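Okay, so here's the structure we're looking at.
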Amino acid sequence: MSGMKNREPVLELTNITKTYQVKQGMFSKPKPLQAIGGVSLRLHKKDVLGLVGESGCGKSTLAKILLGLEQPTSGEVLVDGKEIGPADRQLLARRIQPIFQDPYSSLNPRKSIEEIVSLPLVVHKIGDSASRSRAVAKMLDLVGLPERVRRGYPGQLSGGQRQRVAIARALVINPEIVICDEPTSALDVSIQSQILNLLADLREELGLTYLFISHNLAVIEHLATRVAVMYLGRIVEETSAADLFAGPKHPYTRALLDSVLTPDPSLAVPDIHLGATFPNPISPPPGCHFHPRCPLATDLCATKVPPHVQAGSSHVDCHFYEKSADGLSIQPI
Amino acid sequence: MTDPILNVRNLTVDIPIGAGTLHAVRGIDFELNRGETLCIVGESGSGKSLTSLAIMGLLGKRLQVRADVLEFEGRDLRSMPPREMRALRGDRMAMIFQEPMTSLNPAYTIGDQLCEALRLHRKVSKAEAMTRAADLLGKVGITAAESRLRQFPHQLSGGLRQRVMIAMALMCEPDLIIADEPTTALDVTIQAQILRLLADLKREMNMALILVTHDLGVVARIADKVAVMYAGEIVESGSAKAIFDAPAHPYTRGLLNCIPVPGKTKPGEPLGSIPGIVPSLIGTVSGCAFRSRCELAVEACATTVPERSASGEHMYRCFHEPLKSEVA
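Quick mapping for you: the protein sequence lines, in order, are chains X and V.
Taken in order, the first sequence gives residues 1370 to 1702; the numbers are from our numbering.
Taken in order, the second sequence gives residues 4 to 331; the numbers are from our numbering.
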């Protein structure tokens, strides 16, 4: 593990921003909505980066930018150190593939499983029909589906089987990076664990790198090697999964971890003092975006944007932290 | 001990389909007292939602609902005329659904919808109803309640909408609330707040609460009693402590092994899983429905499995001893 720091990242995002123009009424002028405000991330080979945050924090917008479905307003996406521009979408798709949340809507019901899984090969003009057929057979075997399903249709499969088809489709062109957007949230508990085990095995076997978006922190802890916590378009804390779960730093991260309901009947439902309202992203609060909900907030938090405190490969955006000899430490203000 | 507020014996729901009959709920029993929370837990298709809809009398005529006993506050729900049932529903028993956006009418204000819930059942003026609505919005943790009453559902966030749904269920101070996956569509931080709110209100108003969910974390934290459903049957029931500390049925144990638990499961190690899929419930279903997925299955499992007691009120349907199989 010691050589990890020196490796080149397979995927790097530098200062990505994305601003949408939103109209609020028929005659009102469009207002800017900053969905992503300066996100920088690095993924190394075989990393599993867990991306967590509430709905509306920009997780899915970030995933869309990585998949080339949206162009960032500013900032760069680098794959293996090379910048990917708007013209290189096909190249991006070769290397980055998605697995979506709902396997009921992400598979075309009128196409056979064989057609669904081989479509990426057809789109990218890889191989002939014989080699595509072999690739499909290999993929179905890899994701644990019986050979006979290839002539079947999505409607004949259960939710877990459909998600396996979606995984086979994502992996058939040998991508290096897979964006998993809540891949198990629509599945039952017993099926969820099968898919999580499969994703973990495939990562080992094929050396895949995952960006794993989930609201289930227990799943993130189980699978992720690194975790990035997003709040209102910014990453407020990023560190190794072990460090994050052992010692969450940002007050928002702590609140998220406190809300995890472990199946322990001796505990009651935790009391989270966050308030109910997620701020309006069109007029985000000044200073630290999180201050209206933060239990520690001071006058400084309400006026000044928090610093980006970096120590090694971890960072936290909070006024309360400073860099010290042994990483990040809390600082009284 | 007072009489239970809800008493259900041998409830079945059959759905006639082209090829035969789908036995969606197959003879379930439970009772619920005031101030108690029952969690019905199970996977999709286990019949947990149909059970709650059957109690509320919200299933269509095409579905055949039968029961030996189906009593609410001593009144027989089976023979109750639709008119009386409508008077009961929303007044003495209320329901909270999963998706707060689709269960609110987008064309009416929050205030109108809250008032309607009360004025259908009570003779009160609009102004009085509005006052009560504002009170309850405050109670469920919505600030600036007066101005919220004039807003439409689309102007509220998911968490606020679910709070409105809870306030609506509380308008007539019901004795029983059935909540079907009330927090599944919400963020984790909001989920904790909504669950806490439900638990506090239940205690304060001495109501009975049935919570239908697939989330074992939610169940452990909020339930007094738990009923684990599989393929239309309650396979195990008992106190939350009994179910989580000493699960007796192989299915319950399997479910508990499937979920990653921070601090307990080792990151990166394979999670437990339950092989196979839920059997079809069309036609005659005999024996233990879980036997096709169970590693302990023996020949006897194909015959009718009696309900056994593990300890006190902790019941389960399996031939195997809970302790012996725990070693396996």
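The beta-carbon is built from N, C-alpha and C at its ideal position, and this holds for glycine as well.
All values derive from a computational prediction rather than experimental measurement.
Cβ-Cβ separation, residue j to residue i (assumed contact under 8 Å), whole Å
i         : j         : result
X:PRO1676 : X:PRO1661 : So it is not a contact: roughly 19 Å between Cβ atoms.
X:ILE1536 : X:VAL1512 : 5 Å
X:TYR1690 : X:VAL1674 : That belief does not hold up - the Cβ atoms of X:TYR1690 and X:VAL1674 are roughly 14 Å apart, past 8 Å.
V:ARG135  : V:VAL72   : About 35 Å; that fails the 8 Å criterion.
V:ILE99   : V:ILE213  : Between V:ILE213 and V:ILE99 the Cβ distance is about 10 Å, and since that is not below 8 Å, they are no contact.
X:VAL1534 : X:PRO1544 : Not a contact, Cβ separation roughly 16 Å.
V:HIS323  : V:GLY241  : Between V:GLY241 and V:HIS323 the Cβ distance is about 17 Å, and since that is not below 8 Å, they are no contact.
X:VAL1638 : V:ALA202  : 6 Å
X:LEU1665 : X:PRO1620 : 5 Å
V:SER333  : V:ASP248  : Any answer about residue 333 of chain V is impossible in this case: the structure gives chain V only from 4 up to 331.
Chain X contact for residue i (CB, 8 Å cutoff)
i        : result
V:LEU56  : no
V:ILE169 : no
V:THR40  : no
V:ILE113 : no
V:ASP94  : no
V:VAL293 : Note on residue identity: the sequence assigns Phe, not Val, to residue 293 of chain V. For V:PHE293, the answer is no, since every Cβ of chain X falls outside 8 Å of its Cβ.
V:ARG153 : no
V:LEU274 : yes
V:THR287 : no
V:HIS217 : yes
V:THR268 : yes
V:GLU46  : yes
V:SER328 : Because the pLDDT at V:SER328 is just 42, under 50, the model does not fix this residue reliably, and the value given afterwards should be weighed accordingly. V:SER328 does not count as touching chain X.
V:LYS51  : no
V:ALA234 : no
V:ILE31  : no
V:LYS142 : no
V:LYS244 : yes
Neighbouring residues, chain V, relative to residue i (Cβ below 7 Å)
i         : result
X:VAL1678 : Those do not exist, as X:VAL1678 stays about 24 Å from chain V at its closest Cβ, beyond 7 Å.
Under 8 Å between C-beta atoms of residue i and residue j
i         : j         : result
X:SER1424 : X:THR1383 : no
X:GLN1532 : X:PRO1472 : yes
V:ASP227  : V:ALA243  : yes
X:VAL1417 : X:LEU1592 : yes
V:ARG95   : V:LEU41   : no
V:ASP6    : V:GLY93   : no
V:LEU121  : V:CYS175  : yes
X:ASP1449 : X:VAL1547 : no
V:CYS321  : V:VAL308  : yes
V:PRO156  : V:ARG166  : no
X:VAL1598 : X:GLY1444 : no
V:GLU239  : V:ILE246  : yes
X:ARG1595 : X:ALA1615 : no
X:GLU1590 : V:PRO185  : no
X:SER1527 : V:LEU258  : no
V:ALA110  : V:VAL143  : no
V:ILE285  : V:ILE20   : yes
X:ALA1601 : X:CYS1426 : Reading the sequence as shown, one finds Leu at residue 1601 of chain X and not Ala. Contact: yes.
Residues that residue i contacts on chain V, provided the C-beta gap is smaller than 8 Å
i         : result
X:VAL1629 : VAL191, GLY220 and PRO265
X:PHE1614 : PRO265
X:VAL1588 : PRO263
X:SER1527 : ILE280
X:HIS1584 : ASP190 and VAL191
Chain-ordered chain X contacts of residue i [CB-CB under 8 Å]
i        : result
V:GLN194 : SER1628 and LEU1630
V:GLY271 : ALA1569, HIS1591 and LEU1592
V:LEU259 : PRO1632
Min CB distance residue i to chain V below 8 Å
i         : result
X:MET1370 : Confidence is the limiting factor: at X:MET1370 the pLDDT is only 41, short of 50, which leaves the residue's position unreliable and the question unanswerable from this model.
X:PHE1396 : no
X:ILE1641 : yes
X:HIS1413 : no
X:VAL1558 : yes
X:VAL1424 : At residue 1424 of chain X the sequence reads Ser, which differs from the Val that was named. X:SER1424 counts as touching chain V.
X:ASN1543 : no
X:ASN1566 : yes
X:MET1373 : Note that X:MET1373 has pLDDT 48, beneath the 50 cutoff, so the model's placement of it is unreliable and the number below is only indicative. By this cut-off, X:MET1373 is not an interface position.
Where residue i meets chain X, residues with beta-carbon distance less than 9 Å
i        : result
V:LEU173 : Chain X residues near V:LEU173: none, gap ~17 Å exceeds 9 Å.
V:ARG333 : With chain V represented from 4 up to 331, any question about residue 333 of chain V goes unanswered, as that position is not in the structure.
V:ARG199 : ALA1637, VAL1638, PRO1639, ASP1640 and ILE1641
Any non-hydrogen atom of the ligand NAD closer than 7 Å to residue i Cβ
i        : result
V:GLY141 : In the structure on display, the ligand NAD does not appear, and there are no ligands present to speak of.
Listed by chain order, chain X residues near residue i by CB distance under 7 Å
i        : result
V:ILE277 : SER1559
Where are the alpha helix (DSSP H) runs, 4 residues long or more, that stay fully inside the stretch 1628 to 1682 of chain X, in chain order?
-> 1668 to 1672
Ranges of the beta strand (DSSP E) found wholly within the stretch 1411 to 1468 of chain X, counting only runs of at least 3 | 1417 to 1421, 1443 to 1448 and 1465 to 1468
Every unbroken alpha helix (DSSP H) within the stretch 236 to 300 of chain V, with a cutoff of 4 residues, ordered by chain = 243 to 248 and 253 to 261
Could you give the uninterrupted runs of the beta strand (DSSP E) lying entirely in the stretch 43 to 89 of chain V, keeping only those of 3 residues or more?
-> 67 to 69 and 72 to 75
Taking only runs of the alpha helix (DSSP H) that begin and end inside the stretch 1522 to 1573 of chain X, which ones reach a length of at least 4 residues, in chain order?
-> 1528 to 1540
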